[in-house]
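Taking this note's numbering, the leading residue of the sequence shown gets -1, the next gets one more, and so forth.
Just so you know, even glycine gets a beta-carbon here, dropped at the ideal spot from N, CA and C.
Below you'll find the structure, written out as structure tokens, and then a few comments.
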Amino acid sequence: MVMFKVSKVETNPIDGQKPGTSGLRKKVKVFKQPHYLQNFVQATFNALPANQVKGAIIVVSGDGRYWSKDAIQIIIKMAAANGVRGVWVGLNGLMSTPAVSAVIRERTGADGSKASGAFILTASHNPGGPHEDFGIKYNMENGGPAPEGVTDKIYQNTTTIKEYYIAEDFPDVDLSTEGVTKLGGPEGEFDVDVFDSANDYVKLMKLIFDFESIQKLVASPKFTFCYDALHGVAGAYANRIFVQELGAQESFLINCVPKEDFGGGHPDPNLTYAKELVAHMGLSKANPEANPPEFGAAADGDADRNMILGKRFFVTPSDSVAIIAANAVKAIPYFSSGLKGVARSMPTSAALDVVAKHLNLKFFEVPTGWKFFGNLMDAGMCSVCGEESFGTGSDHIREKDGIWAVLAWLSILAYVNKDNLGKDQLVSVEDIVRGHWSTYGRHYYTRYDYENVDSGAAKELMANLVNLQASLPDVNNIIKGIRSDVADVVQADEFEYKDPVDGSISKHQGIRYLFADGSRLVFRLSGTGSEGATIRLYIEQYEKDPSKIGRESHEALAPLVEVALKLSQMEKMTGRSAPTVIT
């Protein structure tokens, strides 16, 4: 057995290590600075309860982006030096964010041990490569992101840190081969277990979904689909689930080889960045596909986000979670006894609200950040939840889960087509969505992202919007001067949330303008970028009139878009004449 020593390394605080809504994200060159990663990891160990470090098991893995393998080796050595008993690592250092949550919650070691938490190395949907983004976040023993109380403590520790601990005489662990490496240190044996997390994840999915019914759908000659992993970690699970378990053809999978730079692309599953899938599904105006597949889906870098498409048809994430909730009990065995409740993030459209009211379900509107859903789930108050930023999930884990969302849609398609598989035509994704609109009404919805805006300009724009809220008559006079055909604003505020579980209060979670006809404008500064500021603008129009639910989205939203841009003085304040991304 290899023996290691513990070294105490002197260090100094480094500015800017405050975690955002999903951990710490910076450019690779920032993380590669001397002591940068080490300071943050030690600050995290110091913030955790002693029993979640000393003698504990932790998971260390990520989405495989550039520099991940180096970071994993550093964290393993620091874990050993801090008294951790063992580390579980995904094969090749790969493990999706939802799979990490599942492993924490479900996996048991040979000695019956469970993991107490995880370092996840990901910048989610942000680009990867030597000159792109890197990220790290910590998940707790429930499998969910660290709550604000912990992340605040981590940040405070980064401002006062003077030393960190790391193992010496410690060989790099072979991440390419499954097996256990045993080492010895001052506090006893230390193990590194490299394993294929797909086994654990598939086992969990089979407990949730009826794979046999999905297999019958996939076997139908009328049913074709396309899954695009965007060269992210979802590719490590796609062949196993869709091909080996469900019988799909390998040709249905594209960009499913994980790459450190995501193939030079932007691993964000939306209509802007998933260009190949969008074209394949017949949604490219420049070069329309003659015979698109019936179903399409994409994942982001760490596989917690998803995009759902039908033949020449896009499903908004807000509609997606509402439709899953509306069909869950009858189409997904895991929910056969009913839903405990549903929840959405504040910027997400109110489509889920209408379903909750119709089905008499508990409903919650929370700030952006999956940890708020996690609290509700831990308390048994929520079964299905989602965010407009292409995140959908349930209480099977404590993270959003992109592959789960795809399987949920396949389950719904299998259910509605159970008597159609031998017929000439199947009920399509578009049929399901339009049927949902006819029952619940349609929430026309779009999001404008202005990325890498000057931080000072972004803050000034938001401050001006808050100041405007002091007088609703003045706001309505301004709006009428822009568009006379827009309803009056009846409420304007900064969203504030009191957690019904722990009583914590989250303030300044987004600026809202709520209109008399149910329309909404929401402005937020996002915490998911690595530099500059990202302004997100959300525009929503609710339509109950069946004769008006078939309009093009841009047509229905045009009046509100004009109001939003002029009310916020977007171009004047930011210098941007158009958003970076529209979803």
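- Look at residue 86 here: in three-state DSSP terms it is strand.
- Residue 409 is a Cβ neighbour of residue 330, given a cutoff of 8 Å.
- Under the three-pair Cβ rule at 8 Å, the region 280 to 293 counts as touching the region 218 to 230.
- Per DSSP, the continuous alpha helix (DSSP H) segment holding residue 372 begins and ends at 368 to 376.
- 8 Å or more divides the Cβ of residue 371 from the Cβ of residue 326.
- If you draw a straight line from the Cα of residue 511 to the Cα of residue 266, it is about 28 Å long.
- Linking residue 547 to residue 357 through their CA atoms gives a straight-line distance of about 22 Å.
- Contact check for residue 450 and residue 530: beta-carbon distance about 4 Å, within the 8 Å limit, so the pair qualifies.
- In this structure, DSSP gives residue 270 a state outside helix and strand, which the three-state scheme calls coil.
- The region 59 to 74 and the region 207 to 221 do not touch, with fewer than three beta-carbon pairs separated by less than 8 Å.
- The C-alpha of residue 300 is placed about 10 Å away from the C-alpha of residue 256.
- The beta carbon of residue 306 lies closer than 6 Å to those of 295, 313, 318 and 407 in the same chain, with the five residues before and after it left out.
- For residue 397, the secondary structure class from DSSP, reduced to helix, strand or coil, is coil.
- When secondary structure is reduced to three states using DSSP, residue 75 falls in the helix class.
- In the same chain as residue 234, and ignoring 5 residues on each side of it, the C-beta atoms closer than 7 Å to its own belong to 92, 196 and 256, in chain order.
- In this structure the region 78 to 95 touches the region 167 to 176; the number of beta carbon pairs closer than 8 Å is three or more.
- Residue pairing by DSSP places residue 539 opposite 442 in a beta bridge.
- By the beta-carbon neighbour count (other beta carbons within 10 angstroms, threshold 16), residue 130 is buried.
- The residue among 274, 245 and 85 with its C-alpha nearest the C-alpha of residue 193 is 85.
- When secondary structure is reduced to three states using DSSP, residue 354 falls in the helix class.
- Residue 380 sits away from residue 391, with the two beta carbons spaced by 8 Å or more.
- Sequence-distant Cβ neighbours of residue 34 in its own chain, meaning closer than 7 Å and more than five residues away, are 12 and 28.
- Using a Cβ-Cβ distance cut-off of 8 Å, the region 235 to 248 and the region 271 to 284 are not in contact, since fewer than three pairs of beta carbons, one from each stretch, lie closer than that value.
- When DSSP states are grouped into helix, strand and coil, residue 523 belongs to the strand group.
- Annotation for residue 146: the continuous alpha helix (DSSP H) segment containing it runs 146 to 156.
- Judged by beta-carbon spacing, residue 99 lies beyond the 8 Å limit of residue 55, meaning their Cβ atoms are not closer than that value.
- For residue 124, the closest alpha carbon among the candidates 362, 524 and 105 is that of 524.
- Taking one beta carbon from each stretch, the region 345 to 355 and the region 428 to 446 have 3 or more pairs nearer than 8 Å; the two touch.
- Comparing alpha carbon positions, the residue from 60, 428, 10 and 137 closest to residue 17 is 137.
- DSSP places residue 364 inside the beta strand (DSSP E), whose first and last residues are 361 to 364.
- Taking a C-beta distance under 8 Å as the contact criterion, residue 447 and residue 467 do not qualify as a contact pair.
- The DSSP assignment places 273 to 278 as complete runs of the alpha helix (DSSP H) inside the region 254 to 328, in order along the chain (cut-off: 4 residues).
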